[in-house]
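Participant: Those protein sequences? They're chains F and D, same order as listed.
Numbering-wise, my numbering puts 339 at position 339 of the first sequence, and it's gapless, one number per residue.
If you want my numbering, it's the position in the second sequence, counting the first as 1, plus 1000.
Virtual Cβ for every residue (Gly too), placed ideally from N, Cα, C.
Following this message is one structure expressed as structure tokens.
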Amino acid sequence: MRQCGLRAWLVLSVLISLLSVLLTACGSSRAPNDVVFWTTDTGDIDSQAQQQMLDAFNQANPDLHARMVKVYGGISNIAPLVTAVRGGTGPDVFWLDRFTMSQFAAIGLLQELDPYLAKESQNVSQLYLPFAWGETQFQGHTYGLPMDTDARVIYYNKDMFKAAGIDPAIMDPANGPITIDKLKEIAFKINHKEANGAYDKIGFIPWDNQASPATWGLDFGAQYIDKKTCQLTPTEPAMQNALQLVYDWAKEMDPLKVKAFQDTYQPQNAPPTQNYFYNGHLAMELSGDWELSSLKKYAPNLNWGMTYIPVLSGSTPFTWSGGFSVVMPTNANNASGAYRLIRFMAGPEGQRIYTKVTAHMPTYAELLKDSSLYSADHQFFVQMLSDSHSRPPLPVWSQLWDAFDTANQKVILGVATPDQALQSVYNRVQPQLQQFCPL
Amino acid sequence: MIAIHPRQLSPLERKNLRKGLFFISPWIIGVLVFTFYPIVYSIVLSFARYSGLQPPTWIGFQNYIRLFGDELMRQSLGNTMAYISLAVPIGIVVAILLALAMNTSVREVAVYRAALYLPSVLPLFAISFIFIVLINPKYGIVNYALSGFGLFGSPAGTDYLADPTSALLVIVAIAQLGAGNAALIFLAGLRSIPDTLYEAARIDGASRVRSFFSITLPLLSPIILFNAITAIGAGLQTFQQAYIITKGGPNNGTLFYMYYLYDTAFAQAQLGYACALSLLLFVIGLVLALVLFTVAKRFVNYELVS
């Protein structure tokens, strides 16, 4: 009988402890004045800048507490956000690549900011660069505020040029942009293979870093969409030429050997110092102004220079600009706090901090006139910004970008011609665009 | 055979049945809520366009029409089938070899068993991260070993992740590190084969190889069937290695069905289409299982079990 009673107590105590564990799981861990900020931009320099912005915000707004959560898995890893918002545990503010904003607004991931903007005393849209503001719009509503912008150039390693017997002065931007043919000639002169046939030095890889179908497409004048017919135009001549460039270049270099080079000297998940440009294996790299910060931090002794992106012909320099934004996902816990954080980060104070630390450029137009924010090298980018191109706002950019990337890979490996690869881009993405027509 | 006629349950049996049902009700509720309901919901959603963030829009069979015209779906299915056709047989062979090694009657067999089983304890995503370093074209130890043995004629500096086919083979190879679990089950099977059979075979003059193919394999066949079914099930859901090492590339050569489904559901936020994809996977899994069971009727020997 006593044993029965003891066992009963044991069972009861186990059940109670299990119940308490269950109840704690139901508890929420967010304080009412918390503003949770998620970012997939987890690189050292960028997250340092973001944290500084949050610290400045917290100091200026003692009634709120903004905190950062880093979301790993790549800068375009949107799946955690979508899943969390669906589950009601999403953040208050998210760091989103601006050109994808209308696509995610269309599926209901983002909240309109119009009610908050209407209460402002000034017309917020006038404060930002027009192209950047245009990317925040979807069906007449604003879904975020622009953060930074950028511009792209060719960085080159002067020592590798000299070692190959080429005078680096040929790249001087004062002479205007270099032609693609000339750049190819230089690149192939620098290419060098080891005894076993593997590349240990490469001049230029036109599908690496920021050298994407978008870059070459915009370089050659791609329009991406015919707004009148609401038809995507991936098979337009500009895109055909863009992929043809990659096709020919890859064929001449053997794409498997180039991939081997990339996986040797800059494998996946490698630390930022393990970079083939910083370490003197790649002579030329197409990258953005943010590289200035990275070069200062990770390759301070590199003898580098920069020049315009190569063009087919002519003397007009070309570059294009993208950038990020801050948005408020649906079901944000602290919507008013979120808006205040968004206004701060995308406002002059936030953008000032971000520009100084990361060497991106602001979209807050006033700040572009403040030369104290830009180093001598960075001024080169600022003066390019007024003539810079950008991607036309489309509600399918994330899918279109992925489709172009797939097409690029096919063309690099030589398993499809540019026309075939671009046709599959159309076949994949046009049906997705159809639901938004007319734009 | 005595025919058993169903009869009415007596009041006591009815009472016991009610009590029994009450006791297993948590499990029944669990199956209904967590298995049955999601399956039905998934089938219903496959006829809608749904992002999870806005109410679903009914679009009839459009998802299925899109499914059968989807080039990427066909490619991911092809990749998954190719993976299964390689990984399952190789996995079974590796597991049997491991089990045979674990079954040796030496004194330190416990040490060998632990050592052979250890790789399958490591989580797959951790192995994937490590493998990226191990197959580095210039510095990777795997490349070094393979080129040193002159295997496949590959010189040093070959990037096994550059070519879609070899990338798939790399993923098949990584999966073999998990063979320890299947090996343990094979080991149990091996140990249940009576020694008398081997003695009889030895007396009759059978070589060890002959007794392996005539005694061991047939009597292991139920376990081979079991491992084949679980391996096919796991193979249809391959995801981690592709997500971590190759991100589906190069040229979608390692884009597996589950990875494509994940991307559609969670990155593209197209839940309706993803549900259609999962329904197709379910049907394919069912067909494969049926095929396997039909084949098994001819080859599987249940003598030991009964």
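#1: Just the chain D side, please: which residues come within less than 7 Å of arginine 86 of chain F by C-beta, in chain order?
#2: Look at the alpha carbon of isoleucine 1028 of chain D and the alpha carbon of isoleucine 412 of chain F, and state the distance between them as a whole number of angstroms.
#3: Please confirm whether threonine 406 of chain F and serine 424 of chain F have their CB atoms less than 9 Å apart.
#4: Suppose the cutoff is 6 Å on Cβ atoms and the five residues either side in sequence are ignored; what does the same chain contact list for isoleucine 75 of chain F look like?
#5: Tell me, please, whether the CB atom of glutamate 185 of chain F is closer than 9 Å to any CB atom in chain D?
#6: The segment 1187 to 1209 of chain D: which residues have C-beta closer than 7 Å to a C-beta of chain F, in chain order?
#7: Return the CA-CA distance between serine 1306 of chain D and valine 1287 of chain D, expressed in angstroms with no decimal places.
#8: Taking the straight line between their C-alpha atoms, what separation do you get for alanine 174 of chain F and proline 300 of chain F?
#9: Are alanine 283 of chain F and alanine 164 of chain F touching if we call contact CB-CB under 9 Å?
#10: Tell me the rounded alpha-carbon separation between alanine 1126 of chain D and valine 1133 of chain D.
#11: Note the first and the last residue of the continuous alpha helix (DSSP H) segment covering valine 93 of chain F.
#12: Would you mind telling me which residues of chain D sit closer than 9 Å to aspartate 415 of chain F, beta carbon to beta carbon, in chain order?
#13: Counting beta carbon pairs with one atom in the segment 393 to 407 of chain F and one in the segment 195 to 202 of chain F, are three or more of them shorter than 8 Å?
#14: At a CB-CB cut-off below 7 Å, which residues of chain F make contact with glutamine 1268 of chain D?
#15: Spell out a yes or no on whether the segment 1269 to 1277 of chain D and the segment 1038 to 1054 of chain D are touching, meaning 3 or more CB-CB pairs, one atom from each, closer than 8 Å.
#16: Measuring alpha carbon to alpha carbon, tell me which residue in D/Ile1043, D/Arg1107, D/Phe1299 and D/Ser1166 is nearest glycine 1249 of chain D.
#17: For asparagine 427 of chain F, which residues in the same chain have their Cβ closer than 7 Å to its Cβ, ignoring the five residues on either side in sequence?
#18: Residue range of the alpha helix (DSSP H) that tryptophan 304 of chain F falls in?
#19: When DSSP labels each residue in this structure, what does valine 1300 of chain D get in the three-state scheme?
#20: From what residue to what residue does the beta strand (DSSP E) around phenylalanine 1213 of chain D run?
#21: Could you name the residues of the same chain whose beta carbon sits closer than 7 Å to that of alanine 1082 of chain D, not counting the 5 residues immediately before and after it, in chain order?
#22: Can you look up lysine 356 of chain F in the DSSP assignment and give me helix, strand or coil?
#23: What residue range is occupied by the uninterrupted alpha helix (DSSP H) comprising asparagine 241 of chain F?
#24: Going by CA-CA distance only, name the one from F/Ile205, F/Thr233 and F/Thr307 that's closest to glycine 217 of chain F.
#25: Hey, quick one: how far does the alpha helix (DSSP H) through serine 1199 of chain D stretch, first residue to last?
#26: For leucine 232 of chain F, write down the residues that DSSP places opposite it in a beta bridge.
#27: Leucine 1280 of chain D: beta carbon under 8 Å from a heavy atom of the ligand ADP?
#28: Excluding the 5 residues preceding and the 5 following valine 246 of chain F in the sequence, name in chain order all residues of the same chain whose CB lies nearer than 7 Å to its CB.
#29: Where do the ends of the beta strand (DSSP E) carrying alanine 157 of chain F lie?
#30: Starting from lysine 183 of chain F, trace the alpha helix (DSSP H) in both directions and tell me its first and last residue.
#31: If you draw a straight line from the C-alpha of tyrosine 1198 of chain D to the C-alpha of isoleucine 1284 of chain D, how long is it?
#32: Starting from the N-terminal side, write out each stretch of the alpha helix (DSSP H) that is 4 residues or longer and does not extend beyond the segment 41 to 124 of chain F.
#33: What's the gap between the Cα of lysine 259 of chain F and the Cα of arginine 152 of chain F?
#34: What whole-angstrom Cβ distance do tyrosine 143 of chain F and threonine 136 of chain F have, given they're in contact under 8 Å?
#35: Starting from threonine 215 of chain F and walking both ways along the alpha helix (DSSP H), at which residues does that stretch end?
#36: With distances taken between CB atoms, is the gap from asparagine 58 of chain F to arginine 340 of chain F smaller than 9 Å?
Facilitator: Taking the coordinates as given:
#1: Gly1052 and Leu1053
#2: 54 Å
#3: yes
#4: Thr40 and Asp41
#5: False, the Cβ-Cβ gap to chain D never drops below 9 Å.
#6: none
#7: The predicted model places serine 1306 of chain D with a pLDDT of 46, which falls under 50 and marks its position as unreliable; any figure quoted below should be read in that light. Whole-angstrom Cα-Cα distance: 28 Å.
#8: Rounded to whole angstroms, alanine 174 of chain F to proline 300 of chain F spans 24 Å at the Cα level.
#9: yes
#10: 12 Å
#11: Not the alpha helix (DSSP H): valine 93 of chain F falls in the beta strand (DSSP E), residues 93 to 97.
#12: Looking at the sequence provided, one finds valine at residue 415 of chain F rather than aspartate. Per Cβ cutoff of 9 Å: Pro1164 and Asn1251.
#13: no
#14: Neighbours of glutamine 1268 of chain D on chain F, chain order: Gln399.
#15: Yes: at least three Cβ pairs fall under 8 Å.
#16: D/Ser1166
#17: none
#18: Premise fails: tryptophan 304 of chain F lies in the beta strand (DSSP E), 304 to 307, not in any alpha helix (DSSP H).
#19: Assignment of valine 1300 of chain D by DSSP, reduced to helix, strand and coil, places it in the coil class.
#20: Premise fails: phenylalanine 1213 of chain D is in no beta strand (DSSP E) and is neither H nor E.
#21: Leu1168
#22: helix
#23: 237 to 253
#24: F/Thr233
#25: The sequence shown places glutamate at residue 1199 of chain D, rather than the serine named in the question. Taken as a continuous stretch (DSSP letters only), the alpha helix (DSSP H) holding glutamate 1199 of chain D covers 1195 to 1203.
#26: F/Ile225
#27: As presented, the structure is devoid of all ligands, the ligand ADP included, so that no description of it is given.
#28: Pro206, Trp207, Asn408, Val411 and Ile412
#29: Before going further, note that residue 157 of chain F is asparagine rather than alanine in the sequence given. Per DSSP, the continuous beta strand (DSSP E) segment holding asparagine 157 of chain F begins and ends at 152 to 157.
#30: The question names lysine, but residue 183 of chain F is leucine in the sequence shown. Taken as a continuous stretch (DSSP letters only), the alpha helix (DSSP H) holding leucine 183 of chain F covers 180 to 190.
#31: 40 Å
#32: The qualifying runs are 44 to 60, 79 to 86, 101 to 106 and 114 to 118.
#33: 23 Å
#34: Going by Cβ atoms, the distance from tyrosine 143 of chain F to threonine 136 of chain F rounds to 6 Å, so yes, they are a contact pair.
#35: 213 to 219
#36: no
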